[in-house]
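Engineer:
Numbering (the numbering used here), first residue to last: 7 to 399.
#1: Would you mind sorting residue 336 into buried or exposed? The rule is 16 or more other CB atoms within 10 Å of its CB.
#2: Using a 10 Å radius around the Cβ and a threshold of 16 neighbouring Cβ atoms, would you call residue 165 buried or exposed?
#3: Nearest CA to the CA of residue 155: which residue from 129, 240, 125?
#4: Would you check if the region 90–103 and the region 301–313 touch, i.e. whether three or more CB-CB distances between them fall below 8 Å?
#5: To which residues of the same chain is residue 58 closer than 6 Å at the C-beta, ignoring the five residues directly before and after it?
#6: Which residue comes first and which comes last in the alpha helix (DSSP H) that contains residue 32?
#7: Using 10 angstroms around the beta-carbon of residue 372, count the other beta-carbons present and answer buried if the total reaches 16, otherwise exposed.
#8: Taking 8 Å as the threshold (C-beta atoms), are residue 149 and residue 320 in contact?
#9: Can you tell me where the beta strand (DSSP E) with residue 263 in it begins and where it stops?
#10: Taking DSSP's pairing of strands, which residues face residue 112 in a bridge?
#11: If you compare alpha carbons, which of 215, 261, 267 is closest to residue 249?
#12: At a Cβ threshold of 8 Å, is residue 354 touching chain D?
#13: Which residue from 294, 311, 106 puts its Cα closest to that of residue 132?
#14: Taking one C-beta from the region 254–262 and one from the region 195–212 each time, how about it: are there three or more such pairs within less than 8 Å?
#15: In angstroms, rounded to a whole number, what distance separates the CA positions of residue 2 and residue 378?
#16: Which class does residue 210 belong to by DSSP, given the choice of helix, strand or coil?
#17: Under a Cβ-count criterion, where at least 16 other Cβ atoms within 10 Å of its own Cβ denotes burial, should residue 355 be classed as buried or exposed?
#18: Rounded to the nearest angstrom, what separates residue 240 and residue 227 at their Cα positions?
#19: With DSSP collapsed to three states, give me the class of residue 182.
#20: Measuring CA to CA, which of 389, 270, 317, 397 is closest to residue 39?
#21: Within the continuous alpha helix (DSSP H) that includes residue 320, where are the two ends?
#22: Quick one: residues in its chain with C-beta nearer than 7 Å to the C-beta of residue 397, no 5 flanking neighbours on either side, listed in chain order?
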């Protein structure tokens, strides 16, 4: 699949940095390392994304307890996967495993030229999580088996990403070799402080600030405008507005090993939600490690590809509920008022506290103590407080 124009613009700016001759400049050395690592990872790589920290502060007391408990569970969520591509054949494959609530949801994406195929394997994992939360749904196992090994075809993703007409002339070959890009490259170089780039052994690092991230996005927006790429220009404009209005802070620390091309990133953000005066502080860790290619990428055959209509038909059959087995959703909505259910929930929470006390900070413990009586009775709170006391020892 071809890179879209603004993507090529980014690569061109990197190339200009490298061809500028500033070899003693740590900024140039970092960009060279990042470019090399990116090229290696684009062929074959494994990656892992995890939640390092999550804090919440809001004005809605009723929801504070649920979010405090959710925060501890969120830290256990992870995303692991692999990526491989064959540029000559224009195919790629991404396999993901989302770990959440003790379950794993598999995702698989295969692209061939302008087509993307999404495996239906995620359905079973999603159903396992729904069952764990006791969501009332009736499953037809025979219909579910019809999805085994099948894919959904998402047509013409190039148009979705590029916003271009098929008959539009391809001008990518002329991208980047112009004075406007060279000027933008120089402006961006001046924004990055030399002293903010550090190197230890084979690892070179830089922390991108909100100001720097906005500067790069502004440059790409301007570039898209000059190239008359309205779709990309609109995307950057919306992203810039969201970053300015909703994020109190955003930092991305990127470390590149120049020998192995391994990339370690830490993304720290403070998100403000004006509707409830809530603030979320989130820290994510992302690791990308280049791998050797192993085997060919298998593109789904015609018999393995479901049309949207067929997929919807099977999905509706899976979730068909007979009239006499009609589900009472009010029971599900009021589940937190069920002492028996809350006892089971409390046991799971206490087990998690005892297994990983380090995940519960003093602030989170205090929040749980303060808001616990909203959903737990006195006996349940006594047991919960005992577990929290041990966690703080």
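We put the CB at the ideal spot given by N, CA and C, even for glycine.
Structural biologist: The short version:
#1: Residue placement at residue 336 is flagged as unreliable, the pLDDT there being 49, under the threshold of 50; the coordinate-derived value follows with that caveat. Classification of residue 336: exposed, given that the 10 Å Cβ count is below 16.
#2: Note that residue 165 scores a pLDDT of 48, beneath 50, so its modelled location is shaky; the value from the coordinates is reported in the next line. When all chains shown are included, residue 165 counts as exposed.
#3: The candidate whose alpha carbon is nearest that of residue 155 is 125.
#4: Touching, per the Cβ criterion.
#5: Only 289, 291 meet the Cβ criterion.
#6: First-last of the alpha helix (DSSP H) with residue 32: 32–49.
#7: Around the CB of residue 372, fewer than 16 other CB atoms lie within 10 Å, so the residue is classed as exposed.
#8: Closer than 8 Å, so yes.
#9: From DSSP, the beta strand (DSSP E) with residue 263 extends over 253–263.
#10: Residue 112 is bridged to 103.
#11: The candidate whose alpha carbon is nearest that of residue 249 is 215.
#12: The displayed structure is made up of one protein chain only, and chain D is not part of it.
#13: When each option's Cα is compared against that of residue 132, the closest is 106.
#14: With a cut-off of 8 Å, the region 195–212 and the region 254–262 count as touching, because enough Cβ pairs lie within range.
#15: Absent from the structure is residue 2, since the part of the chain shown begins at 7 and ends at 399.
#16: DSSP places residue 210 in strand when its eight states are reduced to three.
#17: Buried, since its Cβ has 16 or more Cβ neighbours within 10 Å.
#18: If I take the Cα positions, the gap works out to 8 Å.
#19: Here the model assigns residue 182 a pLDDT of 38, short of 50, so the residue's position is not dependable, and the following value carries that caveat. DSSP places residue 182 outside both helix and strand once states are collapsed to three, so it counts as coil.
#20: Comparing Cα-Cα distances from residue 39 to each of 389, 270, 317, 397, the minimum goes to 270.
#21: Residue 320 -> alpha helix (DSSP H) spans 314–324.
#22: Listed in chain order, the non-local C-beta contacts of residue 397 below 7 Å within the same chain comprise 359, 363, 366, 371, local neighbours out to five positions each way being set aside.
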